[in-house]
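Numbering (our numbering), first residue to last: 436 to 819.
We put the CB at the ideal spot given by N, CA and C, even for glycine.
It should be emphasised that the depicted structure is a prediction, and the values quoted were computed from it without experimental measurement.
Worksheet: the structure to be examined is printed underneath.
Spelled out as structure tokens, the structure:
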């Protein structure tokens, strides 16, 4: 082997021109990339997010302008014969947005390792964290107003100047958070009531678990719906039972395999019951905007069959099992001291709030931009 010394930049470098050139896949390069935007502003977030990857030997990078990627040497990570099934991933955490995980197969790589094409996911929209609108409704002449109706009556998805036309607020809150990505599909009313046979968790259930252990399997089986912590609609999870491993008798502890991973943790001793469908299934409303696991609001083509009294919806579509979400409408009645609190809402820039009361001839209509990165936003209303 011939070795030549080359002087460059004030230093001597040993160079072996007879050595074979490295393949393309042996060189450090982009493996996967994407460009993030804030969907409400339609531009990159102000600050680069925190990113990480599980790709062995690679690193995750984020720069200004929303550019993110996985960088590494493909030959160190991906075996040539199975390169088409090679996967890359990015976990993204950005202030004010829901966390996001991107995953993709690399696909066929003709000529690998002497050729390599990175995976470009294009533009990916970040979903803002949800906001709760809360406050009081009062009258200057009579004080706090009980049973005032506070409703979202219009929305603006994107922050524009001047503001564009309003959209109809065809949305439902998802108290558990969406279990699976849903790019297509539909949602419909599917109310539930608890069965009389109450069970308990015999060990804690953690968020992400797909198996829970209950005190017994009396009057419950695979193919039905399990309700955990039924007494609190914002703690309740309604999940289909994929399979059951019963004890020797129905009154013995049993193991239940769920259709989806739990969204939240539940303590040992928490109540669990069979969720019984009630009131029939409502008409389908198509998913109008692609929804992502963890979303607190689902946006639909309409709200047919959904009205006051709806306590859950069924969401279907795609490759995943149907899911059931505790919910209500974006319309509430104020309490005795005039206080109100709407369910969490997100993925929009601004709302129109309409407030009415039996003693007031003219409703109050107000447009409000949703606060950035705030869990709650106070909007008080004062009638004459």
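Runs of the beta strand (DSSP E) lying entirely within the segment 607-643 and spanning at least 3 residues, in chain order: 621-624, 627-629. If you look at residue 469, you'll find it in the beta strand (DSSP E) that goes 464-473. In this structure the segment 564-573 does not touch the segment 520-527; the number of beta carbon pairs closer than 8 Å is below three.
Per DSSP, residue 550 lies in no alpha helix (DSSP H) and is assigned neither H nor E. Ranked by how close their Cα comes to the Cα of residue 706, the residues 685, 714, 648, 684 have 648 in first place.
Taking each of 625, 646, 736 in turn and checking the Cα distance to residue 712, the smallest one comes out for 625. Between residue 709 and residue 758, the C-beta spacing is not below 8 Å. Under a 10 Å Cβ-count criterion, residue 473 is classified as buried, with 16 or more other Cβ atoms of the shown protein chains found around its own Cβ. In terms of Cα proximity to residue 532, the closest of 794, 781, 791 is 781. Looking at 817, 545, 744, the one whose alpha-carbon comes closest to that of residue 517 is 545.
A distance below 7 Å between beta-carbons, with the five flanking residues on each side excluded, links residue 476 to the following residues of its chain, in chain order: 594. Nearest to residue 464 by alpha-carbon distance, out of 698, 442, 494, 448, is 494. Contact between the segment 676-696 and the segment 645-659 is established, with three or more Cβ pairs separated by less than 8 Å.
Here residue 459 really is in contact with residue 550; their C-beta atoms are around 6 Å apart, less than 8 Å. For residue 750, the closest alpha carbon among the candidates 578, 496, 640, 614 is that of 614. When C-alpha distances from residue 528 are compared across 785, 485, 508, 553, the shortest belongs to 485. Between residue 773 and residue 581 the beta-carbon gap is near 7 Å, inside 8 Å, which marks them as a contact.
The residue among 578, 719, 691 with its C-alpha nearest the C-alpha of residue 734 is 719.
Note that the C-beta distance between residue 556 and residue 537 is below 8 Å.
In this structure, residue 691 lies away from residue 671, with their beta-carbon atoms at least 8 Å apart. In this chain, residue 484 is not harboured by any alpha helix (DSSP H), its DSSP state being neither H nor E. Distance between residue 559 and residue 470, taken at the CA atoms: about 6 Å.
Beta-carbon to beta-carbon, residue 803 and residue 786 are separated by about 6 Å, close enough to satisfy the 8 Å threshold.
In this structure, DSSP gives residue 595 a state outside helix and strand, which the three-state scheme calls coil. By the C-beta density criterion, residue 609 is buried, having at least 16 other C-beta atoms within 10 angstroms. For residue 818, the CB contacts under 6 Å within the same chain, skipping 5 residues up- and downstream, are 574, 795 in chain order.
In the three-state DSSP reduction, residue 712 falls in the strand class (E or B).
In the structure shown, residue 761 adopts extended strand secondary structure according to DSSP, grouped into three states. Following the DSSP letters along the chain, one finds residue 511 inside the alpha helix (DSSP H) bounded by residues 509-512. For a cut-off of 8 Å, the C-beta gap from residue 565 to residue 731 is around 4 Å, short enough to register as a contact. Boundaries cannot be given for residue 438, as no beta strand (DSSP E) includes it and DSSP labels it neither H nor E.
When DSSP states are grouped into helix, strand and coil, residue 603 belongs to the coil group. Secondary structure note for residue 816: its beta strand (DSSP E) is the uninterrupted segment 816-818.
Within the same chain, Cβ atoms closer than 6 Å to the Cβ of residue 513 are found at 521, the five residues on either side in sequence being excluded.
DSSP lists 591, 804 as the beta-bridge partner residues of residue 785. In this structure, residue 765 and residue 778 form a Cβ contact; the two beta carbons are roughly 6 Å apart against a cut-off of 8 Å.
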